[in-house]
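Worksheet: the structure to be examined is printed underneath.
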Amino acid sequence: MRAEDAALWNDPQEAQKLMRERQSLDDSIKSIKGLSQALDDNIGLIEMGEEEGDADIISEAETAIRSLSGEIRARQIESLLSGEADQNDTYLEVHAGAGGTESQDWANMLLRMYTRWAERRRFKVEVLEVHDGEEAGIKSATLLIKGHNAYGWLKTESGVHRLVRISPYDSNARRHTSFSSVWVYPVVDDSIEIDVSESDVRIDTYRSSGAGGQHVNTTDSAVRITHIATGIAVACQAERSQHKNKAKAWEMLRSRLYEEELKKREAVANATESAKTDIGWGHQIRSYVLQPYQLVKDLRTGVESTSPSDVLDGDLDDFMEASLSQRIEGGAGQAVADLD
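Spelled out as structure tokens, the structure:
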């Protein structure tokens, strides 16, 4: 076995990677064996209870089996997170679509939704960049979400999200439809080399935006880097130092380029096209309707929730699990009708 080869530790990074993989496999095998044994034990108890006419034993065993089904489902979902970068931390960008204040407010709601989802999982969330709207909400924002399988969980959230509601910014209380996009890409660890030089990019500096006050940054410390060949742009303003913001922006750009390569590989494997789309009609992956009725619907899997308030407070696991399952099973599912 490679793990028992003393020469393995001549490359500490490779050795650590192998040992993590080994530990993960050991944990999975032990968990499956434990679940299998618990299931057999409870089936035996039910058989014994039926023979002895003991309803209490039967009831307890059935309750235990129902509990096991939840654990089994959790293990099934974990098995879906086996992609090349699924265990990595992740960046998540939110961009408002056309529509001014209404769309910018929707983008801010999405930013809060993903922050709350991450907090529920005890992930660490860092705000790297926020471009505030003129009146309310945000034009764009970038989060760094740190946690085991953060990218794996969030990777299917990339796409356009549609909101239908009575606008709080419309004095005539009319129903409005707004669009914002979400873009997710993994943090690249040091073992993955992404070849990109300063001659391949354009670097711009600008003044950080924020709520103001005595701590507002009054220097041009924020940094935006644009990869000329692909048009990919990233920005960071989280640090007070331009040097630190530039270093973080370089990390983000390498991650974006790596994510593009992952998507190309997946497109070849699934024989489907994977590309960023316009922020508008016909491209949405999920619709959130707050008026005249309450419903959230995923247009890839058909999964629905009649409690948009819970979804917007971070209750996203059902949507993520369904889209992960669909991706693993291959290709897109049946066409799902959008909400009116």
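Heads up: the sequence shown is residues 868 to 1207, going by the working numbering. Just so you know, even glycine gets a beta-carbon here, dropped at the ideal spot from N, CA and C.
Look at residue 913 here: in three-state DSSP terms it is helix. Rounded to whole angstroms, the gap between the alpha carbons of residue 947 and residue 1071 is 39 Å.
Going by DSSP, residue 971 is part of no beta strand (DSSP E) but of the alpha helix (DSSP H) stretching over 968-987. Nearest to residue 1029 by C-alpha distance, out of 1018, 1023 and 1045, is 1045. Of the other Cβ atoms in all chains shown, 16 or more fall within 10 Å of the Cβ of residue 1112; this residue is therefore buried. In this structure, residue 1152 keeps its C-beta atom at 8 Å or more from the C-beta atom of residue 964. The Cβ atoms of residue 1194 and residue 1023 sit closer than 8 Å to each other. Per DSSP, residue 1034 is not a residue of any alpha helix (DSSP H), being assigned neither H nor E.
Taking every protein chain shown into account, the CB of residue 1187 has 16 or more other CB atoms within 10 angstroms, so this residue is buried.
Here residue 1033 is actually not in contact with residue 1068; their C-beta atoms are around 44 Å apart, not less than 8 Å. Annotated three-state conformation of residue 990 is coil, per DSSP. At least 8 Å separates the beta-carbon of residue 1008 from that of residue 992.
Judged by beta-carbon spacing, residue 1104 lies beyond the 8 Å limit of residue 1114, meaning their Cβ atoms are not closer than that value. In the three-state DSSP reduction, residue 1021 falls in the helix class (H, G or I). Between residue 977 and residue 1124, the alpha-carbon positions lie close to 24 Å from each other.
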